[in-house]
Every structure is written in C-alpha cells, then in structure tokens.
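Q:
Numbering (my numbering), first residue to last: 689 to 828.
Right, here's the structure in full:
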C-alpha cells in the first residue's frame with residue numbers, strides 16, 4: 689500500500705494537469721528504507737511527448753547524486769497518461785528499474801466518466817505489475 693500525504697497527492701495531480709497535454713513526470717524521494725514519500729521533485733519531460741516521458745540524463749544523474757547525499761531513495765516514481773487510463777504501458781513496465789518504488793500514474797484523460805483524472809499506484813518488479821491501494825493522510 690502507498691501511504692501519501694494529501695499535500696503530495698495534490699502536487700502530483702497539479703503537475704500532471706499543468707503539463708497536459710505533455711506527459712508529466714517526477715519523483716517523490718524519502719529517507720532510505722522508510723517507504724515514506726516526503727520530497728516532491730517534479731522533472732522535465734525531455735521527450736516533450738503526449739505519449740512518452742523521458743528524464744533528461746543530466747537531471748537524472750543530479751537527482752540520484754542529491755538523493756545519495758541526503759540518504760534518500762525514490763519512494764514514488766510518477767508520470768501521467770494524457771489520453772489513456774492510469775495503468776502502466778508495456779514501455780512503462782520495461783523501463784521500471786526501481787523494484788522498491790511505488791509507480792504512480794495519473795491520467796488526465798477522462799477515460800472512465802468519473803472526472804478529469806485518475807490516480808493509481810502500482811508495484812512493478814521483474815515485469816510483474818500489481819496494483820496497490822493508495823491511502824491519503826494529512827500527515828505521517
């Protein structure tokens with residue numbers, strides 16, 4: 689289960705909406721070994737695409753060095769889908785390289801008639817996708 693604060697949830701959704709129709713992407717880092725997302729880090733989609741996201745390699749290297757320096761790890765890796773439901777694509781699954789991370793997808797397409805976005809979390813390990821519950825809290 690992903691436990692995330694309302695403030696972080698709101699920031700991820702806002703980033704997805706702001707970048708629409710381009711896929712938004714980013715990370716929420718947390719203390720190593722804690723499974724607690726704390727530090728919101730929106731990233732630039734270097735691909736500039738509505739159907740694919742890509743981190744700039746220099747930005748990604750800087751992020752991982754910063755997390756190492758702060759004894760952090762990527763707890764949440766998020767991106768948006770602009771025209772499809774919030775479910776990992778084959779490309780998303782193939783690129784998932786952090787087995788301990790929660791992979792959050794936000795759909796900014798109204799694919800289910802329930803509103804203008806979906807927020808879902810998945811674990812992706814060795815190509816296996818498992819959806820998990822999302823628990824939103826005011827504080828940890």
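Ideal Cβ positions, reconstructed from N, Cα and C, are used throughout, including at glycine. For clarity, every value in this text was computed on a predicted model and none was experimentally measured.
By how many angstroms is the C-alpha of residue 807 removed from the C-alpha of residue 701?
A: Approximately 8 angstroms between the Cα atoms of the pair.
Q: Out of 731, 713, 810 and 698, point me to the one whose CA is closest to residue 776's CA.
A: Of the candidates 731, 713, 810 and 698, the one whose C-alpha sits nearest the C-alpha of residue 776 is 810.
Q: Apart from the five residues on each side of it in sequence, which residues of its chain come closer than 7 angstroms, Cβ to Cβ, to residue 747?
A: Excluding sequence neighbours, residue 747 sits near 731 and 732.
Q: What are the boundary residues of the alpha helix (DSSP H) that residue 778 is part of?
A: From DSSP, the alpha helix (DSSP H) with residue 778 extends over 778-783.
Q: Helix, strand or coil: which one does DSSP assign to residue 692?
A: Note: residue 692 maps to strand in three-state DSSP.
Q: Look at the alpha carbon of residue 761 and the alpha carbon of residue 692, and state the distance between them as a whole number of angstroms.
A: Answer to the nearest angstrom: the Cα atoms are 15 angstroms apart.
Q: By alpha-carbon positions, which one of 794, 783 and 745 ends up nearest to residue 816?
A: Considering only alpha carbons, the answer is 783.
Q: What would DSSP say about residue 699, mapped onto helix, strand or coil?
A: Reduced to three states, the DSSP call for residue 699 is helix.
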